[in-house]
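When you read off a place in the sequence shown, starting at 1, and then add 12, the result is the number in the working numbering. We put the CB at the ideal spot given by N, CA and C, even for glycine. None of the values given here were measured: they were computed from a predicted structure. Structure, as structure tokens:
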Amino acid sequence: MKRVLVVEDNANNMRLLLKLLGGSGYETIKAETGEEGVRLAIEEMPDHILMDIKLPGIDGVEATGRIRASVGGSKAVIIAITSYAMAEDRERFLSQGFDGYIEKPIDPYTIVKEIEEYARNTDDPRSG
13 MKRVLVVEDN ANNMRLLLKL LGGSGYETIK AETGEEGVRL AIEEMPDHIL
63 MDIKLPGIDG VEATGRIRAS VGGSKAVIIA ITSYAMAEDR ERFLSQGFDG
113 YIEKPIDPYT IVKEIEEYAR NTDDPRSG
């Protein structure tokens with residue numbers, strides 16, 4: 013079973029993501045701050061991380077950098093989940109260590125497929 017860490021401070025988004033992922037067979041771990049997300053990413057070594065950008069404490073970009081710098085953190089597929097929706101935002105996040113980018117509001121009909129697509133696209137380069 014694939015494990016997904018969801019780092020999200022909005023309770024409604026968190027509930028939706030946990031329900032959709034759990035219903036699709038994923039084991040979920042939740043964090044509500046960037047610091048908690050970094051700690052759980054290092055301790056739990058999830059396969060995927062869904063990272064909100066605007067978080068209390070450190071933001072999602074800083075949290076992702078810390079995870080990538082940790083032992084084993086470079087193997088996780090980290091996907092930005094954000095309301096930043098400009099074309100340059102997507103490119104900026106991808107250049108800052110994210111493997112994917114999903115815009116809010118979250119589409120409950122496509123989110124799991126989007127996550128799985130990013131995971132498929134990054135499995136080969138990271139598996140060596």
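Measure how close the beta-carbons of residue 7 and residue 70 come, nearest whole angstrom, since I'm counting them as under 8 Å.
Shown here, the chain extends from 13 to 140; a query on residue 7 therefore has no answer.
Go to residue 114, then tell me how far its beta strand (DSSP E) extends in each direction, as first and last residue.
Taken as a continuous stretch (DSSP letters only), the beta strand (DSSP E) holding residue 114 covers 112 to 115.
Between the alpha carbons of residue 136 and residue 128, how many angstroms are there, rounded?
Because residue 136 sits at a pLDDT of 46, beneath the cut-off of 50, its placement in the model cannot be relied upon, and the following sentence gives the value as read from the coordinates. Approximately 13 Å between the Cα atoms of the pair.
Would you kindly work out how many angstroms separate the C-alpha atoms of residue 132 and residue 117, rounded to a whole number?
For residue 132 and residue 117, the distance between alpha carbons rounds to 23 Å.
For residue 64, count the other beta carbons within 10 Å of its own beta carbon; 16 or more makes it buried, fewer makes it exposed. Which is it?
Residue 64 is buried by the Cβ-count criterion.
Over the uninterrupted beta strand (DSSP E) stretch that includes residue 62, give me the two end residues.
Note, residue 62: beta strand (DSSP E), 60 to 64.
Checking 9 Å against the spacing of the C-beta atoms, do residue 45 and residue 16 come in under that value?
Contact flag unset, no.
If you follow the alpha helix (DSSP H) that residue 31 is part of, which residue opens it and which one closes it?
Unbroken alpha helix (DSSP H) run through residue 31: 23 to 35.
Looking only at its chain, what residues have a beta carbon closer than 7 Å to the beta carbon of residue 130, apart from the 5 residues adjacent to it on each side?
89, 91, 111 and 112.
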